[in-house]
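S.K.: Can you keep this structure in mind? I'll have questions shortly.
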Amino acid sequence: MEKIKSSAEQKMALHALQKQKQILELKEWLFVIGFIGIASLLRVPMQIIPNVEPLTFFALLTGWLFGWKKGILAGASSLYISNFLVFGGNGPWTIFQVVGYGLVGFLGSLLRKKATMFEVLSLTLVATLSLQLIFNLGWSIFIGFNFFAAMLTGLIFTAVHITSNLIFATLLPKARKMVY
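Position in the sequence shown (first residue = 1) + 499 = the numbering used here.
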């Protein structure tokens, strides 16, 4: 009799744990969807300053909080959705943008749970430089432009992108803490 009672209690406990896990996963997905929506919408008013956008922030944050799969999804999706809302929109360059921001979401997953500000800023710098390399590679492929010339002519945009992303990145630890 004692064995049957403990087995029933164990099954109830397991069932309760499974329900809690489902609720946590749902909350994660709601955050991811929210981050995608916020990043996409915030990109619209920020387009008046070229290369200042919140996509890197939200892709890194999603990867940091929820892992590489959701980070890639948030980065790639927020870019693709926001391209429908901004000047220039989607085009042959979109694939390079999607890959770039997906990479940023992946890189966010590499941050340790208790990453220092130096680690966050260093990874943001690597992510932004990776984005710029991917964007300029795509640009040079599609218009037949020399890759190094594309990098050189885009230097001012790269500087603005790095600066703005580093400023946004200073808020990443606070945002992570707030979500937790």
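For every residue, glycine included, the Cβ atom is placed at its ideal position computed from N, Cα and C.
Would PHE595 be called buried (16 or more neighbouring beta carbons within 10 Å of its own) or exposed?
M.R.: buried
S.K.: Return helix, strand or coil for ARG680, following the three-state DSSP convention.
M.R.: In the structure as shown, the chain begins at 500 and stops at 679. Residue 680 is therefore absent and cannot be evaluated.
S.K.: So which of PRO553, PRO549, GLY574 has the shortest CA-CA distance to THR561?
M.R.: GLY574
S.K.: Report the residue ranges of all beta strand (DSSP E) runs contained in full by the stretch 555-598; include only those spanning at least 3 residues, in chain order.
M.R.: none
S.K.: List the endpoints of the continuous alpha helix (DSSP H) containing THR669.
M.R.: No alpha helix (DSSP H) holds THR669; DSSP gives it neither H nor E.
S.K.: Do you know whose CA, among ARG675, TRP563, LEU523, lies nearest LEU736's CA?
M.R.: Residue 736 cannot be examined here, being either before or after the span of the chain that is shown, 500 to 679.
S.K.: Please identify the residue among ILE661, LEU609, ILE666, LEU554 whose C-alpha is closest to the C-alpha of LYS568.
M.R.: LEU609
S.K.: On the criterion of 16 or more Cβ atoms from any shown chain inside 10 Å, does THR669 qualify as buried, or is it exposed?
M.R.: exposed
S.K.: So LEU671 and LEU541 are supposed to be a Cβ contact under 8 Å. How far apart are they, rounded?
M.R.: With 8 Å as the limit, LEU671 and LEU541 do not qualify as a contact, their Cβ atoms being about 15 Å apart.
S.K.: Hey, TYR600 and LEU584 are a contact pair by Cβ (cut 8 Å); roughly how many whole angstroms apart?
M.R.: Approximately 15 Å separates the beta-carbon atoms of TYR600 and LEU584; this is outside 8 Å, ruling out the contact.
S.K.: Assuming ILE633 is part of the alpha helix (DSSP H), what are its boundary residues?
M.R.: 616-642
S.K.: Compute the Euclidean distance between the alpha carbons of PHE557 and ILE535, then round it to the nearest angstrom.
M.R.: 7 Å
S.K.: Since LEU632 and GLY604 are thought to touch, with beta carbons under 8 Å apart, how far apart are those beta carbons, to the nearest angstrom?
M.R.: Incorrect: roughly 17 Å between the Cβ atoms, too far for contact.
S.K.: So the candidates are VAL597, THR615, GLU524; which of them puts its Cα closest to the Cα of PHE634?
M.R.: VAL597
S.K.: Does the beta-carbon distance from SER539 to SER581 come in below 7 Å?
M.R.: yes
S.K.: One question on the structure: do GLY533 and TRP592 come within less than 7 Å of each other, judged by their Cβ atoms?
M.R.: no
S.K.: Alpha carbons only, please: which of LEU516, GLN521, ASN550, LEU606 is nearest the one belonging to SER663?
M.R.: ASN550
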